[in-house]
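The structure appears right after this line, and notes come after that.
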Amino acid sequence: MRTELRGLRRSLLHLVLAVIAALYVSPLVYMAVTSVKTREAAGSTTPQWIPHPATVGAYGEILGSTDFPAVTWFLNSLAAATGHAVLVLVTAAPAAYALARLDFRGRGVMFTVIVATLFVPPVVLLVPNFLIVNELAWVDSLPAVVVPAAAGAFGVFFLRQFFTALPGELEEAAELDGCNRWQTFTRVVLPLAKPALVTLFVLSFLSNWNDFLWPLFVLLSPESLTLPAGLGNFQSANNIRYDLLMAGAMIASVPVLLLYLVAQRWIIEGISRSGLKG
Amino acid sequence: MSVPAGAGTAARDPGSPAGAGTAGSPGAAASPGAARVRRMRPWTPWAFLAPYLLLFAVFMVLPIGFGFWTSLHEWDINVPAKPFVGLSNYAELFDPSSVDGSRFWTAMKATGIFTVFSVPLLIVLPLLVALLMNGRFRGRNLYRAVYFAPYVLGVAVVGLLWRFLLDGNIGLVNHYLGLDVQWTTDLPWAWVALVGVTVWWTLGLNSVIFLAGLQDIPRELYEAAMVDGAGARHRFRSITLPGLRPVTLFVVNSTILASANMFGQSYLITVGAPADQTKTAIYLIAETGLRQFDMGTASAMSFVLAAFLMVASGLVFGAFRNRQAR
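Chains X and D supply the protein sequences, listed in that same order. Mapping of the first sequence onto numbering that gives the first Met the number 0: residues 0 to 277, in sequence order. Mapping of the second sequence onto numbering that gives the first Met the number 0: residues 0 to 325, in sequence order.
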């Protein structure tokens, strides 16, 4: 009797979760469906979940359109997100290693200062960083969306936690073997830290790929925009062409959804743990 | 990985702190080479730190001071003269009858409304979802992935998609609810839309954080409570909630900060309508500073907003500490 009741409760839980989950993803499904509709069907007042006729016309139209240089924006986004993620790894990893494993005067103070900036509200940096980027003549170019965000303390903080937890024996062995600090770092520590490095790469890539406000204001000409900024501008000009807008949204979504499918575990673990383990 | 020769020496002396030198450890060969590798040149750590510190100095430390300096000037990127005006940018913001002042407080009010309505929903609903998913059952990881999926999409896609779904004439939302509501231009519906979209978008984020917290609570605590005959409600109040306290502090604080920084939803879904009532503080700051190039005023606005955010964080930390002390 009890087990029967538990079985019933369990199926009810499944039912509830399944219904919510279906409702939850339906907007995304409708985005995909609408992107392969004709202009008329996309603007119809009655929802149509199965497009007939299905067409890739919207994709063709935006790919051939000068208002919506989707290929250029896609490549800009790809270059910016990859460049940003690489820059974060290349700068944060050695810094985190020094803060975690090397003994030097001022280490505690340095770490405290870096971590303290995690509490600086980002809005404070908006205007001055625009002025600095302008001074560097980076406005309207990729470095503006690649470099400044890499100054954030998150990567250093994240990797330092990982490096601190590594056992010291292998490092000591490498040094007795004659490795200098840099060799120990690149040949022993980095290979051990691969899971953390991959997680940080994916998180940095995602955050840059999806960044909206900064590129919207710091990139100006149509050919230098990233996808989110391009979509934002494009919407104001094409309010009623939902087939085009949904096709554009799909182009911005598919790469991150694929990345999410592949790296789901790392993304979720990285995000859910990063703020908590002090 | 091959174990390098000499590893045995290190293994026999695991307690020696890095950089302590080998002189004291009797097992180490007294060759000059062994002593050399343990010494570190004083600039070595700084060489490791240098690339990051360069970025950190230019785009983190410098702008904090530079932003405040800007806020004390009448600063337009295109105008060579940037006269020092002291605190008058701030004084203007605190004068609600001035143009900037009235715009600013309308935007602060919008930010406040959004934060007050979105934060409780973004605490309670994700906690419920996390509790539902905390049991062991098949498909749990699939549900977790589904609820988290919208969050990886970014606000540009989310805003565009919901602008479409909330369209007053052809949107699915009106169709299925049988309503005739202008979600993007009428109050209070615009707030319902903005809060609702944000909950849909970010609920999964807070859920997985709560879920991680729930799974850190030792199972033995629950088992012991069951042996003592504690009911489900009692277990929730005396084990789950206290166990989640640090996680909840983090979620509350980060959700308040994220809500107070809301920009994309307003920009894409309501465009600030009606009459700038849904134009948030960040939206106004970005527009004032980066579109109209009134950077002194925008900087002053950002420091006032930042002060509010820091006070809010302080209150959250204080509230959690007091409860812990009791």
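Ideal Cβ positions, reconstructed from N, Cα and C, are used throughout, including at glycine.
Close beta carbons around residue i, own chain, < 8 Å, minus the five adjacent residues each side
i, result
"methionine 225 of chain D", "Arg234"
"serine 1 of chain D", "Because the pLDDT at serine 1 of chain D is just 38, under 50, the model does not fix this residue reliably, and the point stays unresolved."
"glycine 164 of chain D", "The amino acid occupying residue 164 of chain D in the given sequence is leucine; glycine does not appear at that position. The answer, listed in chain order, is Gly170, Leu171 and Val172."
"threonine 54 of chain X", "Val35, Lys36 and Thr37"
"valine 198 of chain D", "Ser117, Leu120, Leu121 and Leu124"
"proline 245 of chain D", "Gly212"
"glutamate 268 of chain X", "Thr198"
"leucine 14 of chain X", "none"
Neighbour flag for residue i against chain X, beta carbons, 8 Å
i, result
"proline 44 of chain D", "yes"
"threonine 69 of chain D", "yes"
"glycine 230 of chain D", "no"
"valine 151 of chain D", "yes"
"glycine 111 of chain D", "no"
"glycine 313 of chain D", "no"
"tyrosine 142 of chain D", "yes"
"alanine 129 of chain D", "no"
"asparagine 168 of chain D", "yes"
"alanine 148 of chain D", "yes"
Residue burial classification, residue i (beta-carbon count within 10 angstroms, cutoff 16)
i, result
"valine 194 of chain D", "buried"
"glutamine 264 of chain D", "buried"
"glycine 107 of chain X", "exposed"
"arginine 135 of chain D", "exposed"
"isoleucine 49 of chain X", "exposed"
"glycine 231 of chain X", "buried"
"tyrosine 89 of chain D", "buried"
"glutamate 222 of chain D", "exposed"
"arginine 143 of chain D", "buried"
"leucine 130 of chain X", "buried"
"glutamate 222 of chain X", "exposed"
"arginine 240 of chain X", "buried"
"asparagine 77 of chain D", "exposed"
Rounded straight-line distance, which links the Cα of residue j to that of residue i
i, j, result
"glycine 277 of chain X", "glutamine 160 of chain X", "Low local confidence applies: a pLDDT of 38 at glycine 277 of chain X is under 50, so the model's placement there is unreliable, with the coordinate-based value given in what follows. So the alpha carbons of these two residues sit roughly 8 Å apart."
"arginine 272 of chain X", "leucine 204 of chain D", "11 Å"
"leucine 74 of chain X", "serine 64 of chain X", "16 Å"
"arginine 236 of chain D", "arginine 218 of chain D", "15 Å"
"isoleucine 281 of chain D", "phenylalanine 157 of chain X", "27 Å"
"phenylalanine 216 of chain X", "alanine 311 of chain D", "28 Å"
"leucine 54 of chain D", "glutamine 263 of chain X", "30 Å"
"glutamate 3 of chain X", "arginine 9 of chain X", "10 Å"
"leucine 16 of chain X", "phenylalanine 209 of chain D", "17 Å"
"alanine 143 of chain X", "glycine 6 of chain X", "57 Å"
"serine 235 of chain X", "valine 122 of chain X", "25 Å"
"asparagine 321 of chain D", "serine 253 of chain D", "19 Å"
"alanine 34 of chain D", "alanine 192 of chain X", "With a pLDDT of only 43 at alanine 34 of chain D, under 50, the local geometry of the prediction cannot be trusted, and no value is derived from it."
"isoleucine 284 of chain D", "alanine 148 of chain X", "19 Å"
"glycine 100 of chain D", "phenylalanine 200 of chain X", "42 Å"
"tyrosine 146 of chain D", "valine 85 of chain X", "29 Å"
"arginine 139 of chain D", "valine 18 of chain X", "14 Å"
"alanine 79 of chain X", "alanine 228 of chain X", "13 Å"
"valine 128 of chain D", "aspartate 66 of chain X", "42 Å"
"alanine 152 of chain X", "isoleucine 270 of chain X", "15 Å"
Interface flag, residue i vs chain D, CB-CB below 8 Å
i, result
"serine 10 of chain X", "no"
"asparagine 209 of chain X", "yes"
"tryptophan 72 of chain X", "no"
"glycine 231 of chain X", "yes"
"isoleucine 61 of chain X", "no"
"isoleucine 49 of chain X", "no"
"leucine 130 of chain X", "yes"
"proline 127 of chain X", "yes"
"glycine 42 of chain X", "yes"
"threonine 65 of chain X", "no"
"valine 201 of chain X", "no"
"alanine 149 of chain X", "yes"
"valine 119 of chain X", "yes"
"leucine 124 of chain X", "yes"
Contact set for residue i: own chain, Cβ-Cβ below 6 Å, skip 5 residues either direction
i, result
"glycine 167 of chain D", "Gln181"
"alanine 272 of chain D", "Thr184"
Cβ-based neighbour list, residue i, same chain, cut-off 7 Å, excluding 5 preceding and 5 following
i, result
"threonine 279 of chain D", "Ala106, Ala109, Thr110, Phe113, Met261, Phe262 and Ser265"
"tryptophan 42 of chain D", "none"
"valine 70 of chain X", "Leu62"
"leucine 186 of chain D", "Pro273 and Gln276"
- prompt: Three or more beta-carbon pairs under 8 Å between the segment 153-166 of chain D and the segment 204-215 of chain X, yes or no?
  reply: yes
- prompt: Any chance the segment 291-305 of chain D sits against the segment 55-72 of chain D, with 3 or more Cβ pairs inside 8 Å?
  reply: yes
- prompt: Counting pairs of beta carbons, one from the segment 90-105 of chain X and one from the segment 46-53 of chain D, are three or more of them closer than 8 Å?
  reply: yes
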